[in-house]
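Here's the structure, in C-alpha cells; my notes come after.
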Amino acid sequence: MISNEISAREGIILNFIEKMGPLAWRKYQQRYPHVWVKDHSEIEDRSSFPPYISFRFQKEQAGVIATLRNLISTYEGELRWVLEPHFRENLPGANWLIAPGDVIAMRPALKNNSITVYEFFAKEYPLFGPVAYLDLDGLAMHFKKNIK
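When you number the sequence shown by the UniProt record's numbering, it's gap-free, plus one each residue, and the end is 148.
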C-alpha cells in the first residue's frame, strides 16, 4: 500500500481511489513538476499538457472498478472523462488510466508518431490543458462527495 497522501491538486483523486483499495502503483501528470537540469532542480510549466491519472490496485476488485466507472461517467463537467484499462502481458492486474475522452480518442491517430498524445495536445491545443486541469478539480470534488 502506498501511504504518502498526494497534496498536489492534479493527483488528489488518487487519494480517493486508494481509499477504495490499496494501490500497487500510481502516477499523474503534474502541472509544475520539479525537473533536474544539469546540477539543479527547476520547476517546469507543463500546464498545457492534459492531465492524466494512472494506477494499479494490489488486488483488483470488479466492484471497485464498477464504482469508478460510475463515478466518472456520472460527472457532469466541461469535459468527458474516461477510465481505460491497459492489460499487461503475462502479468496480473491492469494499469488504469483516467484522462479526458478527447485525449484518449486521439491516441490511435498518433500511434506511429514521434510525439505522445500529451505532447500533441500541448503543442496543437495549448489551452486544452488548463481547461482540463480546472475540470479535473471538479471531478475530484465529485469523487469527494461520492466516496465515503
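Even glycine gets a Cβ: it sits at the ideal position worked out from N, Cα and C.
Expected contact under 8 Å - CB spacing of residue i and residue j to nearest Å
i	j	result
residue 143	residue 13	6 Å
residue 94	residue 108	The Cβ separation is near 19 Å, so there is no contact.
residue 57	residue 97	Contact doesn't hold; Cβ gap of about 13 Å is too wide.
residue 79	residue 100	5 Å
residue 50	residue 118	6 Å
residue 133	residue 26	That pair is no contact at about 18 Å.
residue 21	residue 64	5 Å
residue 46	residue 29	7 Å
residue 77	residue 39	Not quite, the Cβ-Cβ distance comes to about 42 Å (not below 8 Å), so this is no contact.
Residues sharing a beta bridge with residue i, DSSP
i	result
residue 100	81
residue 53	28, 98
residue 34	43
Exposed unless 16 or more other CB atoms sit within 10 angstroms - verdict on residue i
i	result
residue 81	buried
residue 69	exposed
residue 139	buried
residue 87	exposed
residue 92	exposed
residue 41	exposed
residue 61	exposed
residue 52	buried
residue 66	exposed
residue 103	buried
residue 48	buried
residue 115	exposed
residue 18	buried
Start and end residues, beta strand (DSSP E) containing residue i
i	result
residue 41	40-43
residue 69	Here residue 69 belongs to no beta strand (DSSP E); instead the alpha helix (DSSP H) covers 62-74.
residue 27	23-28
First and last residue of the uninterrupted alpha helix (DSSP H) at residue i
i	result
residue 59	Neither: residue 59 is in no alpha helix (DSSP H) and is coded neither H nor E.
residue 18	12-20
Every unbroken beta strand (DSSP E) inside the segment 87-136 [3 residues or more]: 94-100
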